[in-house]
Every structure is written in C-alpha cells, then in structure tokens.
Amino acid sequence: MKRRICSLVLAAVIAFSAAGCNQKGDTLNDGYYTARMSDYSHGWMEFVTICVSDGHLVSIEYNAKGPSGYLKSWDIPYMRTMGGLNGTYPNEYTRNYGAQFLEAGGDVSQVQAIAGATSSYKNFVRLADAAVGQSRAGDSSVAVVEAQS
Numbered sequence: 018m019k020r021r022i023c024s025l026v027l028a029a030v031i032a033f034s035a036a037g038c039n040q041k042g043d044t045l046n047d048g049y050y051t052a053r054m055s056d057y058s059h060g061w062m063e064f065v066t067i068c069v070s071d072g073h074l075v076s077i078e079y080n081a082k083g084p085s086g087y088l089k090s091w092d093i094p095y096m097r098t099m100g101g102l103n104g105t106y107p108n109e110y111t112r113n114y115g116a117q118f119l120e121a122g123g124d125v126s127q128v129q130a131i132a133g134a135t136s137s138y139k140n141f142v143r144l145a146d147a148a149v150g151q152s153r154a155g156d157s158s159v160a161v162v163e164a165q166s
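Each number in our numbering comes from the position in the sequence shown (counting from 1) with 17 added on.
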C-alpha cells in the first residue's frame, strides 16, 4: 500500500512539474521575430531576426541597414577599412555572433565578444534577447530596443 501511495505522489509531482515547463513564456512560439535598434548609429540601424520552428531556434540574421535599406555586411569599402583597422568586419562578426547564438540554443550569455566588434556585440546581445522575448510572448511585432549612448 505504501508503495502504491508513493508511486501516485511521485506521478503527481512529475505531472505538475512537466505542466509548469509548458507555460507561456517558457517556450518559443513558431514564427519569425525581429528586434531593431531605436536609432541609427553611424548611418546604420542594427537588427536581429530569428526563425523558430517546432519550438526550436532554427535560424538568425544579425545585420544593419542604412536609410536606403542597404545592408552593412554588403558594404565592401567599409569591410576593407574596418578589417584593416579592427581585424574583423561586419560580414564576419555578424555571422560569428549568429552561429554562436544558434549553437548555444538561443542563450545569449554563451555568446563571446569578438575583439574589434564589442559595440556590435553589446547590441547583438540586447537585440537577440528582445527577439527571443517576442517569441516567448508570441508577439510578431518588431521589438524596438532603445539605443544606448
């Protein structure tokens, strides 16, 4: 009899624990979610877009757009200048941060900064966190992240 009661109590504990894990806010909702900075910085507005499928992060795009919509990672003259000065350039560090984020399963605390792109790293962390927050909330509107001075 004791064994049966213990089994029932254990089953109830497991059931309630599992139910708590599926509450809205703990899981990622399927869809595309975007976060962007509130302002342009040096002519560019950074953004992150994530894609979630079956509750899992499957892709991420981190980039910046100019007022015309031109992507920073496609700016070859800027790439040459920045690569020579800082040792990295947008097409490299944006992909690196995105790859680290995917490998970490969407845990921004696991993404390591790249020398020469630390300002972009700080923005990436804030943007990726906001996009994941939008997914958890099931809110497909674009999140606007306040630019820091």
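Beta carbons: idealized from backbone N, C-alpha and C, even for Gly.
Which listed residue (the options) has its alpha carbon closest to that of residue i
i	options	result
Y79	S58, A145, G72, D71	A145
Y138	A81, L45, V75	A81
S58	T111, S136, E109, N108	S136
G122	E63, M62, G72	G72
R143	E63, Q117, P94	E63
G60	Y95, A116, G155	Y95
Expected contact under 8 Å - CB spacing of residue i and residue j to nearest Å
i	j	result
A52	A134	Their Cβ separation, rounded to whole angstroms, is 18 Å, which puts A52 and A134 out of contact at 8 Å.
L119	L74	6 Å
S90	T111	6 Å
Beta-carbon proximity check, residue i vs residue j, cutoff 9 Å
i	j	result
N140	V162	yes
Y49	S158	no
A164	G150	no
S55	I67	no
V69	S152	yes
Per DSSP, the bridge partner or partners of residue i
i	result
A81	E63
S58	W61
G48	V69
S76	C68
A160	A52
L88	K82
Item to check | contact_flag[the region 125-134, the region 82-89] where n(CB pairs < 8 Å) is 3 or more | outcome: No contact exists between the region 125-134 and the region 82-89.
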